Structures are given as structure tokens and as C-alpha cells.
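Just below is one structure, and these are the notes that go with it.
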Amino acid sequence: MGVDHSPSATVSPTADGNCAAHATVRPGSGERDAFYLVHLWSRWFGAEYERGHRYSSGRLPLPLCPVAGWEVDDAAGLDVYAVVAEHDPPDRDGPVHIGGGFATIKSREQTVAELPDGRFDADALAGDRNAWFWFGVVDDAWRGLGLGRRLFEERVQWARDQGADMAFAFGWEHPGRTSRPLFEAFGFVPVERFKRLYEDERDVCPVCDVWPSDDETCTCSGVVWAKDL
Numbered sequence: 001m002g003v004d005h006s007p008s009a010t011v012s013p014t015a016d017g018n019c020a021a022h023a024t025v026r027p028g029s030g031e032r033d034a035f036y037l038v039h040l041w042s043r044w045f046g047a048e049y050e051r052g053h054r055y056s057s058g059r060l061p062l063p064l065c066p067v068a069g070w071e072v073d074d075a076a077g078l079d080v081y082a083v084v085a086e087h088d089p090p091d092r093d094g095p096v097h098i099g100g101g102f103a104t105i106k107s108r109e110q111t112v113a114e115l116p117d118g119r120f121d122a123d124a125l126a127g128d129r130n131a132w133f134w135f136g137v138v139d140d141a142w143r144g145l146g147l148g149r150r151l152f153e154e155r156v157q158w159a160r161d162q163g164a165d166m167a168f169a170f171g172w173e174h175p176g177r178t179s180r181p182l183f184e185a186f187g188f189v190p191v192e193r194f195k196r197l198y199e200d201e202r203d204v205c206p207v208c209d210v211w212p213s214d215d216e217t218c219t220c221s222g223v224v225w226a227k228d229l
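The numbering of the sequence shown is full-length UniProt numbering, which starts it at 1 and goes up by one.
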């Protein structure tokens, strides 16, 4: 499971109000969006994928196959919603991705299995239909312009439209970088904070300077956030 935060995704010139006028947030759809999202997922959380000489010859994690428009048997019936932010400057030929994220719907059983062991009753906390917010990333140059909030807002509305009872996410906690204000702004409640939350599953973390070749894992803390929809 990823995490919602807004660290830098790519190096870009600093955005300003004029640039923001050319920024949009829209539902993600198609191979270009799917491979952009998996690039973010891989960079921050080590998700594995392959990009072939054409998008269609690559390989995506299962949740992003429906976003790409690929028909995969294991993804049949998977509820997933992707959202991307783009900048379409007048002096460029086409828009440029500057942020994105996605959400999925999980059953009670899947959610109980996904939640870490803690001081809470996972079975009592989970609903019948649960929205899980995976990572939400905004290019560092575009932070502070409300794009992270818009990415979040789009997914909250989608979750409600899907009839989700609850929404969950893992919020990244690191000195100087936290997703806490964003979660609190949308009425999420911190369930429990875990030290080294990603230790067993995350061998990539640019902040910890951890990479697969190091044989080390992420030492960041994280918070389980929940919201009754």
C-alpha cells in the first residue's frame, strides 16, 4: 500500500500563480497516465513494472491495468480510480504530468488483512466497502497551489459515489514532511502511529536514502488514517 503525501516527483522550475492557471486535475485514463503513475509508485515505493518500446509492451502492477485500459483476467471487477494533475503551458506542445494518485475499493476481509496489527480492532473499524487511498504525489515545484487537495478531493468524491462505507490510507510521517494537514482537512482521524511502518515491504525511500541494492528498508514512521464516509 502506498501513502498520501506531496514530496517532489520530478525536478521542475518553480511554479507560480501564472503557471497554476494552466494546471488541471482530471481522471486518469490510458497508458500514458498509467505509466506515469507507476513511475511515481516505483520511485517512492519500489513498485515493479516494465516499460517496453511501446506502452502496450510493458508491464504494470494489477491495480493500474484498468487505468491503462488493459483487459486482464485478474483485474476483472477491480474498482480503481486514478487522478492526475497536468500543466499545459502555452509554449509547450502538449501537457506535462505534475502529480497524481489513485484509489481502490476493498472488501471488509481485504481491509482487515491490509491493516497492520495495532491497538485497534480492525474488524470493527472496517466497513463492507472500503476505499483505500494509495499514494498522492505532487511535483515539489507545484506544492502550495492546492493541487494535492484537488487530487484528494477527487478521490473522496469517487469513494462516496462507489458507496464506500469507510476510507483508509497510510500517511507518511517524516521530519519536515507529513501528510497530516491534508488528512485532517478532509476529516480523517488518526487511528494509530507506527514506527518503521514500511520496514517489511518498502526497499525504496529517497528520504531514507534506501534503494534495492542496499539490502536495507525504509525507517519512516506512518499513520493509519480512517474516515467514515
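Glycine residues also receive a C-beta, built at the ideal position from the N, C-alpha and C atoms.
Given the structure is predicted, the values throughout are model-derived calculations rather than measurements.
From the options, pick the residue whose C-alpha is nearest to that of residue i; which is it?
i	options	result
residue 115	180, 60, 197 and 148	197
residue 191	158, 121, 72 and 33	121
residue 127	186, 89 and 106	106
residue 182	229, 160 and 136	136
residue 172	207, 74 and 159	207
residue 142	81, 79 and 85	85
residue 227	76, 189, 123 and 204	189
residue 193	180, 108 and 32	180
residue 158	79, 94, 218 and 70	79
residue 156	186, 90 and 174	186
residue 22	70, 91, 216 and 77	91
residue 174	163, 209, 222 and 42	222
residue 32	66, 184 and 215	66
Under the three-state reduction of DSSP, which class applies to residue i: helix, strand or coil?
i	result
residue 65	helix
residue 213	helix
residue 33	helix
residue 141	helix
residue 228	strand
residue 76	coil
residue 187	coil
residue 150	helix
residue 12	Unreliable positioning characterises residue 12 in this predicted model, as indicated by a pLDDT of 39, which lies under 50. The coordinate reading is nonetheless provided below. Looking at residue 12 - three-state DSSP - the assignment turns out to be coil, as it is neither helix nor strand.
With which residues is residue i paired in a DSSP beta bridge?
i	result
residue 193	223
residue 158	Paired residues: none, contrary to the question.
residue 25	85
residue 205	210
residue 180	In DSSP, residue 180 forms no bridge with anything.
residue 129	107
Does the distance from the C-beta atom of residue i to that of residue j stay below 8 Å?
i	j	result
residue 151	residue 83	yes
residue 139	residue 101	no
residue 165	residue 229	yes
residue 147	residue 25	yes
residue 113	residue 133	no
residue 68	residue 30	yes
residue 60	residue 96	no
residue 130	residue 168	yes
residue 224	residue 212	no
residue 62	residue 72	yes
residue 219	residue 199	yes
Query raised in the report: Fully enclosed by the region 81 to 123, which beta strand (DSSP E) runs are 3 residues long or longer?
Result: 96 to 107
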